[in-house]
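There are 2 protein chains.
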Amino acid sequence: MSEFELIQSYFKPLQCDSEAVDLGIGDDCALLRCPTGYRVASSVDTLVAGTHFFPSMPAEQLGYKCLAVNLSDLAAMGAKPAWFTLALTMPEVDTDWLAAFVTGLSSLANQYSLPLVGGDTTRGPLSITIQVQGLLPINDALCRHGAQIGDGIYVSGTLGDAAAGLQLTQQAITAPPRSLTVAEQYAISRFTRPSPRVGLGQALLPIANAAIDISDGLIADLQHILTASGVGAELQQQAIPLSTRLQDAKQRYHDALYGGEDYELCYTVAKDKQQQLESLPFDSYRIGTIIADPILKLYDER
Amino acid sequence: MSEFELIQSYFKPLQCDSEAVDLGIGDDCALLRCPTGYRVASSVDTLVAGTHFFPSMPAEQLGYKCLAVNLSDLAAMGAKPAWFTLALTMPEVDTDWLAAFVTGLSSLANQYSLPLVGGDTTRGPLSITIQVQGLLPINDALCRHGAQIGDGIYVSGTLGDAAAGLQLTQQAITAPPRSLTVAEQYAISRFTRPSPRVGLGQALLPIANAAIDISDGLIADLQHILTASGVGAELQQQAIPLSTRLQDAKQRYHDALYGGEDYELCYTVAKDKQQQLESLPFDSYRIGTIIADPILKLYDER
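Which chain is which? The protein sequence lines are H and C, in order.
Using this note's numbering, you'd call the opening residue of the first sequence number 474 and step up by one each time.
Using this note's numbering, you'd call the opening residue of the second sequence number 474 and step up by one each time.
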């Protein structure tokens with residue numbers, strides 16, 4: 474199958490109509506519109522087989538996840554997704570694999586009417602690079618450097634589920650097959666099909682002072698906000714929302730604090746905006762406060 | 474070396490000042506400006522070790538070339554380069570290799586004051602994905618589908634050099650070392666350090682009806698223009714500009730017609746714009762004419 478046939482069969486169907494796209498797949502470049510008063514937010518992430526996912530990961534899950542992790546970066550800036558490109562490197566053309574991969578990709582792209590506008594298909598060890606771009610009003614963005622002393626620190630959902638899901642996925646590769654409990658299935662789905670908080674991100678634009686998505690674990694990602702903003706934080710460990718009861722309390726908190734890939738948002742909100750935050754149709758859990766002293770204090774009140 | 478240190482040491486220096494960049498490396502997204510009246514042209518290309526380049530290719534050459542092939546796509550649309558992102562997958566962190574890679578990359582980026590605005594550094598088999606974006610007036614672009622019957626067909630420089638350079642590079646890997654002639658060195662440099670025709674592309678915006686860059690060989694790439702425009706072409710083989718005298722005439726013409734990676738532009742220009750074309754400070758060689766009959770006729774007048 475030639476690259477041309479690959480594009481026609483699998484990738485052109487991902488090129489949905491969009492006012493922002495003057496020219497999509499098929500020329501030397503795509504031509505894209507940024508409306509007056511807006512700017513472009515841009516994120517790129519690579520997932521490499523064996524490094525970022527198990528080579529046995531089903532193609533449909535992979536297609537979903539590699540777009541999800543990029544959309545999560547747009548969500549963390551408050552941007553509205555506009556279009557994406559796909560650079561796909563495969564050892565060989567496996568049409569079953571490709572069809573499943575595109576199914577996963579399009580299930581998420583369709584949610585946001587997000588058109589594929591270009592890409593590159595190459596031969597080599599399996600690796601996927603997606604670049605997604607979104608639109609933001611010129612004078613508005615959720616950056617890491619905006620946290621202010623006294624801000625409440627919030628997260629958008631339960632943490633640690635993806636880490637538990639990763640452990641279960643690892644076990645499933647080596648252990649004999651067994652049926653999974655509902656809680657186990659949920660943890661695995663949080664690892665394989667994270668929900669980028671795109672709607673929340675846009676709703677936070679007039680409310681939050683700083684935001685980041687939690688890809689490397691709460692502590693590591695919150696620390697990026699603290700460093701960029703020149704502030705510190707007090708966290709109440711018991712306030713961190715948890716869902717899974719798969720592990721003992723110690724492991725659950727460890728996963729919530731240090732496990733990655735939850736793709737929830739962490740954001741800081743000034744006192745006078747907290748009522749506005751509570752009125753949003755999205756969950757927010759307060760877990761701490763921004764302080765002047767540039768350290769991260771973790772209180773465990775058990 | 475952590476990803477943070479890698480970015481600080483090697484990639485942040487590539488983040489030169491630009492009015493178009495509101496926020497560069499270091500947050501969840503870069504924030505980029507498209508001026509009113511303009512739109513964004515976007516191209517992405519992946520180079521994989523063993524598929525697109527010899528694993529022994531010096532890192533400096535590789536850094537240069539992976540940006541050059543993307544800039545060539547912008548040139549083919551007539552766009553002005555604005556910014557780029559780099560997704561770099563490496564088997565291990567080799568600081569000497571990285572320093573050389575960045576030297577090659579920056580030698581070309583600096584020519585166009587092109588800032589690096591983001592990227593991703595991952596562990597895995599060596600592979601480089603660059604996405605470069607440029608700016609184009611809203612109502613102007615060099616597309617493949619614009620060729621008109623009667624247009625002259627032009628190329629911007631000699632063809633076949635890169636194919637000869639590739640052959641010499643392959644020979645050098647297996648044969649004992651020997652000193653190269655000036656002509657051989659030139660052919661190799663055309664393969665390793667192609668010059669994207671960025672200035673010409675922008676100058677062609679008000680002149681050419683269609684354009685493409687020659688990455689896969691003149692015949693294959695011109696055919697893309699013909700198919701997209703629903704037209705045909707007559708080519709005079711003797712009119713194709715050649716430079717190398719390394720091979721016999723038959724091989725030289727074969728390389729010019731079917732060898733790839735020259736990264737010259739091929740474009741079509743209506744009769745009433747041909748004087749304007751001749752007045753440009755760039756070389757143009759007329760090699761044929763667009764015809765109504767949708768086939769490609771190649772005349773060999775030897």
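Each residue gets a CB set at the ideal place from its N, CA and C atoms; glycine is no exception.
Cβ distance (whole Å) where residue i is taken to contact residue j below 8 angstroms
i	j	result
glycine 674 of chain C	isoleucine 611 of chain C	Incorrect: roughly 17 angstroms between the Cβ atoms, too far for contact.
proline 649 of chain H	aspartate 735 of chain H	Incorrect: roughly 29 angstroms between the Cβ atoms, too far for contact.
valine 521 of chain H	serine 688 of chain H	Between serine 688 of chain H and valine 521 of chain H the Cβ distance is about 15 angstroms, and since that is not below 8 angstroms, they are no contact.
serine 545 of chain C	aspartate 756 of chain C	16 angstroms between Cβ atoms; not a contact.
alanine 706 of chain C	threonine 762 of chain C	7 angstroms
glutamine 604 of chain C	threonine 558 of chain H	6 angstroms
leucine 730 of chain C	isoleucine 692 of chain C	5 angstroms
alanine 573 of chain H	proline 531 of chain H	7 angstroms
alanine 582 of chain C	leucine 487 of chain C	6 angstroms
arginine 506 of chain C	arginine 506 of chain H	Rounded, the Cβ-Cβ distance is 14 angstroms, inconsistent with contact.
leucine 578 of chain H	leucine 540 of chain H	6 angstroms
valine 566 of chain H	isoleucine 622 of chain H	Contact flag wrong, Cβ pair sits at about 56 angstroms.
aspartate 479 of chain H	methionine 550 of chain H	In the sequence under discussion, the amino acid at residue 479 of chain H is leucine, which differs from the aspartate named in the question. Contact flag wrong, Cβ pair sits at about 32 angstroms.
Beta-carbon proximity check, residue i vs residue j, cutoff 7 angstroms
i	j	result
aspartate 728 of chain H	alanine 637 of chain H	yes
valine 628 of chain H	isoleucine 760 of chain H	yes
glycine 607 of chain C	alanine 552 of chain C	yes
arginine 663 of chain C	aspartate 624 of chain C	no
histidine 525 of chain H	arginine 617 of chain H	no
threonine 665 of chain C	glutamine 534 of chain C	yes
glutamine 710 of chain H	aspartate 773 of chain H	yes
leucine 753 of chain C	alanine 681 of chain C	no
leucine 738 of chain H	arginine 725 of chain H	no
proline 514 of chain C	leucine 609 of chain C	A small fix is needed here, since residue 514 of chain C is alanine in this sequence, not proline. In contact: alanine 514 of chain C and leucine 609 of chain C (Cβ atoms closer than 7 angstroms).
isoleucine 601 of chain C	leucine 639 of chain C	no
proline 554 of chain C	leucine 587 of chain C	yes
leucine 750 of chain C	leucine 708 of chain C	no
Buried versus exposed, by CB contacts within 10 Å (16 or more), residue i
i	result
phenylalanine 477 of chain H	exposed
threonine 519 of chain C	buried
threonine 595 of chain H	buried
glutamine 748 of chain H	exposed
isoleucine 646 of chain H	exposed
proline 669 of chain C	buried
aspartate 501 of chain C	buried
alanine 722 of chain H	exposed
valine 655 of chain H	exposed
leucine 653 of chain C	exposed
alanine 765 of chain H	exposed
alanine 732 of chain H	Alanine is not the amino acid found at residue 732 of chain H; the sequence shown has glycine there. When all chains shown are included, glycine 732 of chain H counts as buried.
CB contact below 7 angstroms: residue i versus chain H
i	result
glycine 597 of chain C	yes
aspartate 500 of chain C	yes
valine 513 of chain C	yes
methionine 550 of chain C	yes
aspartate 546 of chain C	yes
alanine 560 of chain C	yes
serine 600 of chain C	yes
threonine 783 of chain C	The shown model of chain C, from 474 to 775, leaves out residue 783 of chain C, and the question about it has no answer.
Residue-level contact to chain C via CB, residue i, 7 angstroms cutoff
i	result
cysteine 616 of chain H	yes
glutamine 604 of chain H	yes
threonine 762 of chain H	no
serine 580 of chain H	no
valine 521 of chain H	yes
alanine 503 of chain H	yes
valine 517 of chain H	yes
valine 704 of chain H	no
proline 700 of chain H	Note on residue identity: the sequence assigns threonine, not proline, to residue 700 of chain H. Chain C, which has no Cβ nearer than 7 angstroms to the Cβ of threonine 700 of chain H, makes this no.
aspartate 593 of chain H	yes
threonine 654 of chain H	no
cysteine 780 of chain H	Nothing about residue 780 of chain H can be reported from this structure: the residues present for chain H run from 474 to 775 only.
alanine 743 of chain H	no
Among the options, nearest to residue i - alpha-carbon criterion
i	options	result
aspartate 490 of chain H	H/Met530, H/Leu677, H/Trp556 and H/Ser600	H/Trp556
valine 590 of chain C	H/Val517, H/Ser529 and H/Leu505	H/Val517
tyrosine 537 of chain H	H/Gln584, H/Lys770, H/Met550 and H/Arg512	H/Gln584
alanine 620 of chain C	C/Ser702, C/Tyr772, C/Gln488 and C/Gln720	C/Ser702
alanine 493 of chain H	H/Pro508, H/Gly499, H/Leu487 and H/Gln481	H/Pro508
leucine 699 of chain H	H/Gly592, H/Ile626 and H/Gln640	H/Ile626
methionine 563 of chain H	H/Pro554, H/Gly597, H/Ala743 and H/Leu708	H/Gly597
aspartate 593 of chain H	H/Ile498, H/Lys744 and H/Gly732	H/Ile498
lysine 746 of chain H	H/Leu678, H/Thr568, H/Val575 and H/Leu496	H/Leu678
Distance cut-off 6 angstroms: residue i Cβ against heavy atoms of the ligand SAM
i	result
isoleucine 626 of chain H	With respect to small molecules bound, the structure shown includes none, and the ligand SAM cannot be examined in it.
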